[in-house]
Amino acid sequence: MKIFDAHCDALSKLLERPGLDFARARDGLDVTLERMQASGIAVQNFAVYLPERYSGDFRYVLESIDLFHERILRAPQMRFIRTKADLRNAAAEHRIGALLSLEGVDSLHGSLALLRILRRLGLTGVGITWNRANWAADGVLEPRQGGFTAAGLGLIEECNRLGLIMDVSHLAEPGFWELLEASRKPVIASHSNAAAISPRKRNLTDAQIRALIAAEGVIGITFVPPFVSEEEPVAMEKLLPHIDRVCALGGSRHLGFGSDFDGIREWLVGLEHAGKYDRLVNLLLRHYREEDVERFVYGNWFRFYMEHLPDEEAVP
Ligand SMILES: [Zn+2]
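The sequence shown begins at 59 in our numbering and counts up by one.
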């Protein structure tokens, strides 16, 4: 079965450890070409996330995008997805689609010009914050728990205009509600779970999940063990209550996965890297109808991106 994954941090790992080989490596990277092929990953979103020690230096955003081209897109089996047509063609050509997003706008330092440059370089998604505050809004671990700044509201407006898909994962709750209010387009949570099942700040409350669904967004259930369950170790089966919760809130057509592979240092038992994604598919097939499983692992994200990716590479 085809798989669409909405979030991984392989680029961040490549930035820190340039020796890792995406095309061949069996260890070091969770997401490799071999592993994606083995499990049936058809589309993978690659986030540009700068670890805090890079202190939001835009140079490293550009270097991450260079790594995306040099290490990931260089494999002929991969295809860069910048537009609706790219997504349609990747599926038709049986190539693995690669989406590019930014996790946290810190490195833009308030410059919408830099945002437009990234859009021109093929960026399609924007996570507003990581865990801390930045110039646009507060992240979930910022004690102040504020919402958007005036500059941040300008960012929302420009993302809407440019057709950039905004991501609420890591955003503090006040900002979540402000974004839903201000955005003229649906937003996503690329890698967040249900707080009713696992009460962590990074997870979404039932009210947030309902609101995302009502706004035609999609929620990517994530494999970060502490966001899945308090237990240790956490079995892959513990993802099921999160799926059930989102479905119970009306989200069976608004649910996908965002693994966070290569952004995690502990893994769900049975789901230790991207090559084991097909085991999750098998688990889901034992619990849900096949057509629902197809939507969860691919169809819901595919439908959302086909609707909301830009029509053209050029900036409007
Ligand atoms: Zn993240």
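We put the beta carbon where it would ideally sit given N, CA and C, even for glycine.
All values reported here derive from a predicted model rather than from experimental measurement.
Inspect the beta-carbon positions of GLU200 and ASN189 and report whether they are closer than 9 Å.
yes
Could you pull the DSSP bridge partners for GLY197 from this structure?
LEU229
Quick check on the DSSP output: what are the complete alpha helix (DSSP H) runs of length 4 or more inside the region 270-297, in order along the chain?
283-286
Do the CB positions of LEU145 and TYR363 come within less than 9 Å of each other?
yes
With a cut-off of 8 Å, do at least 3 Cβ pairs link the region 294-309 to the region 61-68?
no
Is any non-hydrogen atom of ligand 1 found closer than 8 Å to the C-beta of GLU161, if you look at the structure I gave you?
yes
Kindly indicate the opening and closing residues of the beta strand (DSSP E) around ASP369.
It is not in any beta strand (DSSP E) - ASP369 carries neither H nor E in the DSSP assignment.
Start and end residues, beta strand (DSSP E) containing GLY314:
313-315
Per-residue burial, ALA171 [other beta carbons within 10 Å of its own, 16 or more giving buried]
exposed
ILE123, enclosing alpha helix (DSSP H) - first and last residue
116-125
Could you tell me whether any non-hydrogen atom of ligand 1 is closer than 8 Å to the CB of SER97?
no
Backbone secondary structure at SER113 - three-state DSSP:
coil
The alpha helix (DSSP H) spanning ASN147 covers which residue range?
142-151
If you count every other CB in all the chains shown that lies within 10 Å of the CB of VAL351, and 16 or more means buried, which is it?
buried
Can we count ASP164 as close to ligand 1, meaning its CB is less than 8 Å from some heavy atom?
no
Under 9 Å between C-beta atoms of LEU131 and GLY183
no
How should GLY275 be labelled, buried or exposed, when 16 other C-beta atoms within 10 angstroms of its C-beta is the threshold for buried?
buried
Answer yes or no: the CB of ALA105 versus the heavy atoms of ligand 1, is any distance below 8 Å?
yes
Which class does PHE354 belong to by DSSP, given the choice of helix, strand or coil?
helix
So is the beta-carbon of HIS65 under 8 Å away from any non-hydrogen atom of ligand 1?
yes
With ASP336 as the anchor, note down where its alpha helix (DSSP H) starts and where it stops.
335-343
Cβ pair GLY321, MET94 closer than 9 Å:
no
How would you call ALA195, buried or exposed, if buried means at least 16 neighbouring beta carbons within 10 angstroms?
buried
What's the gap between the Cα of LEU125 and the Cα of ALA230?
30 Å
Confirm, please, whether the CB-CB distance from LEU237 to MET294 is below 9 Å.
no
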